[in-house]
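Student: Just so you know, the protein sequences line up as chains A and B, in that order.
For the first sequence, the numbering used here assigns the number 225 to the last residue and increments by one with no breaks.
For the second sequence, the numbering used here assigns the number 225 to the last residue and increments by one with no breaks.
Cβ coordinates follow ideal geometry from the N, Cα and C atoms, glycine included.
The structure that follows is given in the form of structure tokens.
There are 2 protein chains.
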Amino acid sequence: MAAVEGKRTYREYCAIARSLDLLGQRWTLLIVRDLFLGPQRYTDLHAGLPGIATDMLTARLRTLEAEGLVRRRELPPPAPATVYELTNEGRRLGPLIRALGEVGLTLLDTPAPDEPINASPVVMSLNLTFRAEELPELTETYGLELDGTPFTVSVDRGTVTTERGAPAAPVATFRTDPRTLVGLIRGDTSSQAALTDRVVEVDGDRAALDRFAVAFLADR
Amino acid sequence: MAAVEGKRTYREYCAIARSLDLLGQRWTLLIVRDLFLGPQRYTDLHAGLPGIATDMLTARLRTLEAEGLVRRRELPPPAPATVYELTNEGRRLGPLIRALGEVGLTLLDTPAPDEPINASPVVMSLNLTFRAEELPELTETYGLELDGTPFTVSVDRGTVTTERGAPAAPVATFRTDPRTLVGLIRGDTSSQAALTDRVVEVDGDRAALDRFAVAFLADR
DNA sequence: CCGCATCCGTTTCGATACTG
DNA sequence: CAGTATCGAAACGGATGCGG
């Protein structure tokens, strides 16, 4: 007889169940994933989540906001817009996003030739494939321009950070498409071949692409 | 027009999305959680998942089996039964389960007096609240009997393991209920008070309860 | 009692059309 | 650009039935 049960929740006194009450709905963690590369506008979030309905995206953002994991911010003129960004609370989901990535990375095959590949997840995966033990002293910042969208990848003695947007002083900027970058990371393409085939364009230190390829090769 | 789309999946070339395709459905990760304490029969799984529909549990188990994360095993006589257990693949979800627990642990308040508390999640949470830095040399095995259900908690120089079932040679066995154990871990009850109030019964070394309480105190 | 399978009302999700 | 409104499809929750 229609008990007023509010929302669907695991009613269990359990840390894992609580997490899933917070984050377990469809799309929620993928939104968080996208925001880990930096603030995003509604429309760009929508573009990065293939197949999400607009009202679903709105609903998830409202929930994440109410939970204090995401904040809405109005950009001032001259470029007024609404962006969504992670709060400090939200940033504490980093280890969870990483754990999910590590599980999923082993499941990814070489993409089918016609499979569309978004840029953001590929950039995000650099955090997973980074091999600190190779080049442990490496410290430099790369620009990445994937289908025209700029990203920043910074390596600093064994740690990486990835963000949206172009870096201030990159040692080099690589211009390519997500699929080619996947090929490089997976070792299906060598950095040499990428250069001679001109599927990657380099602005700046051309040798930086070799170091990049070594540092981020997924060794399966 | 009904495109035959099969199941609901994020069609994205992304490690995180792949993980969620595998594990993101309701109940799936809670089933995995329960199996991390050891093999379980269908009925016991059902009892540990408040509110799951029977066909849902069956469906999830079938999917996990098909994905190679869970295996079905028939126990031989004299106690014939079917148990479900994690495969080696399934055990690789440990870091993910832990990350979920760490997010959720900070969200758990002191349980309401009438809130039911299952034993398994409390035992599982010991992996999260364990403080290796206190008593770094501690190496001993405790028995835990919560509402009559036996568990084993082993500490070995900075690492813990938790399982269902009674240990072979415990330094002590604590007999209590999940709620009291939560009080101990959260620091709402001292081990001394628990002993004098007789809400915990100890078999074996009574001082072991103090060490246990120190080692597993959630310091928030 | 254990291990499911079936049925049915409710909730959530997906797709698309539309609006300030 | 940033959402609402609408509607059909799928998933879920709960009860019940049923063979070993």
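1. Determine whether the Cβ of Gly230 of chain B lies closer than 8 Å to any Cβ atom of chain A.
2. Determine the closest residue to Thr146 of chain A out of A:Arg67, A:Phe156, A:Tyr18, with distance taken between C-alpha atoms.
3. Straight-line CA distance for Ala199 of chain A to Asp193 of chain A?
4. Excluding five sequence neighbours on each side, which residues of the same chain lie with their C-beta closer than 8 Å to the C-beta of His51 of chain B?
5. Where do the ends of the beta strand (DSSP E) carrying Gly109 of chain B lie?
6. Starting from Ala199 of chain B and walking both ways along the alpha helix (DSSP H), at which residues does that stretch end?
7. Do the segment 36-44 of chain B and the segment 115-130 of chain A make contact, defined as three or more Cβ pairs closer than 8 Å?
8. Is Arg76 of chain A helix, strand or coil when you go by DSSP?
9. Given Arg77 of chain A, which residues of its chain have a CB within under 7 Å of its CB, disregarding the five upstream and five downstream residues?
10. When the Cα of Arg211 of chain B is compared with those of B:Ala177, B:Ala20, B:Gln30, which residue comes out closest?
11. Considering only residues of the same chain and omitting the five flanking positions on each side of Glu72 of chain B, which have a CB-CB separation below 7 Å?
12. Give me, in chain order, the residues of the same chain whose beta-carbon lies closer than 7 Å to that of Tyr15 of chain B; leave out the 5 immediate sequence neighbours on both sides.
13. Go ahead and pull the three-state DSSP assignment for Phe221 of chain B.
14. Return the CA-CA distance between Arg162 of chain B and Glu94 of chain B, expressed in angstroms with no decimal places.
15. Between Gly148 of chain A and the rest of its own chain, which residues show a CB-CB distance below 6 Å, the 5 nearest in sequence each way excluded?
16. Which of the three DSSP states is assigned to Arg65 of chain B in this structure?
17. Going straight from the alpha carbon of Ala8 of chain A to that of Thr185 of chain A, what length do you get?
18. What are the residues of the segment 144-164 of chain B that lie near chain A, defined by any Cβ-Cβ distance shorter than 8 Å?
19. Across which residues does DSSP place Tyr18 of chain B in a beta bridge pair?
20. Along chain B, in chain order, which residues have C-beta atoms closer than 8 Å to that of Asn93 of chain A?
Tutor: Straight from the coordinates:
1. Lying before the first or after the last residue shown, residue 230 of chain B is absent from chain B, which here runs from 6 to 225.
2. Ranking the options by Cα distance to Thr146 of chain A, first place goes to A:Phe156.
3. When rounded, the distance between both Cα atoms is 10 Å.
4. Around His51 of chain B, the same chain offers Ile57, Thr59, Leu62 as residues with beta carbons nearer than 8 Å, after the five sequence neighbours per side are excluded.
5. Note, Gly109 of chain B: premise wrong, no beta strand (DSSP E); alpha helix (DSSP H) at 99-110.
6. 196-201 is the span of the alpha helix (DSSP H), which, as asked, contains Ala199 of chain B.
7. Put simply, the segment 36-44 of chain B does not touch the segment 115-130 of chain A. Fewer than three CB pairs are less than 8 Å apart.
8. Arg76 of chain A falls in the strand class under three-state DSSP.
9. The answer, listed in chain order, is Glu70, Thr87, Tyr89.
10. Arg211 of chain B has its Cα closest to that of B:Ala177, out of B:Ala177, B:Ala20, B:Gln30.
11. The residues are Leu27.
12. Hits under 7 Å: Ala22, Leu25, Asp26.
13. Phe221 of chain B falls in the coil class under three-state DSSP.
14. One alpha carbon belongs to Arg162 of chain B, the other to Glu94 of chain B, and they sit about 27 Å apart.
15. Apart from sequence neighbours up to five positions away, the residues of its chain that approach Gly148 of chain A with a beta-carbon distance below 6 Å are Ala171, Pro172, Pro175, Thr178, ordered along the chain.
16. In the structure shown, Arg65 of chain B sits in a helix (DSSP, three-state: H, G or I).
17. Low confidence applies here, because Ala8 of chain A scores a pLDDT of 40, under 50, leaving its location unreliable and the question unanswered by this model.
18. Answer in chain order: no residues at all.
19. Beta-bridge pairing links Tyr18 of chain B to no other residue.
20. None at all; the shortest Cβ gap to chain B is about 13 Å.
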